[in-house]
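Engineer: Here the sequence shown is numbered in this note's numbering, starting from 918 and rising by one per residue.
For glycine and all other residues, C-beta sits at the position ideal for the given N, C-alpha and C.
My questions all concern the structure below.
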Amino acid sequence: MGRIDKQIHLINKEIENFSEEDKRNYCEDCLEKMNDHTNYNPYLTDTGVCSSCLKVNDLINIKIVEIIQMNNVNIEDYHLFGGKRIYLQ
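See below:
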């Protein structure tokens, strides 16, 4: 298992233990309303239903972005190797 695979595996384990708040996925419009401009990255979006406005859109999960950044994971590699980008129930 390569380094990026190990990182994705560890991040996926952490995602499994998310709190209800951490599971929330937001569209770009809702992130903007929350004045959160730091978490948007097109490589970390996936399509789903926004936890705030309930519209189908490209979404970001703030907690997943934070975990990726804290672990210094290359975002493009994370995307290319199939890392989870939003929380799916």
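Taking the alpha carbon of residue 945 as the reference point, which residue from 993, 966, 983, 930 has its own alpha carbon closest?
Structural biologist: For the purposes of this step, residue 945 is taken as residue 28 along the sequence shown, with counting starting at 1. Of the candidates 993, 966, 983, 930, the one whose C-alpha sits nearest the C-alpha of residue 945 is 966.
Engineer: Alpha carbon to alpha carbon, how far is residue 943 from residue 990?
Structural biologist: Position 26 of the sequence shown, counting from 1, holds the residue named residue 943. Position 73 of the sequence shown, counting from 1, holds the residue named residue 990. Distance between the alpha carbons of residue 943 and residue 990 is about 21 Å.
Engineer: Going by DSSP, name the residue or residues bridged to residue 943.
Structural biologist: Taking the first residue of the sequence shown as 1, we reach residue 943 at position 26. Answer is 977, bridged to residue 943.
Engineer: In angstroms with no decimal places, state the Cα-to-Cα distance between residue 959 and residue 996.
Structural biologist: Working through the sequence shown from its first residue, we reach residue 959 at position 42. Working through the sequence shown from its first residue, we reach residue 996 at position 79. Whole-angstrom Cα-Cα distance: 10 Å.
Engineer: Given residue 932, which residues of its chain have a CB within under 6 Å of its CB, disregarding the five upstream and five downstream residues?
Structural biologist: For this step, residue 932 is matched to residue 15 along the sequence shown. So the qualifying residues of the chain are 1001.
Engineer: What do you reckon, are the CB atoms on residue 961 and residue 992 nearer than 8 Å?
Structural biologist: For the purposes of this step, residue 961 is taken as the residue at position 44 of the sequence shown. For the purposes of this step, residue 992 is taken as the residue at position 75 of the sequence shown. Yes, they are a contact pair.
Engineer: Tell me, which residues are paired with residue 963 by DSSP?
Structural biologist: Along the sequence shown, read from residue 1 onward, the residue named residue 963 stands at position 46. Answer is 976.
Engineer: What does the alpha-carbon distance come out to for the pair residue 922 and residue 948?
Structural biologist: Position 5 of the sequence shown, counting from 1, holds the residue named residue 922. Position 31 of the sequence shown, counting from 1, holds the residue named residue 948. Spanning the two alpha carbons is a distance of roughly 29 Å.
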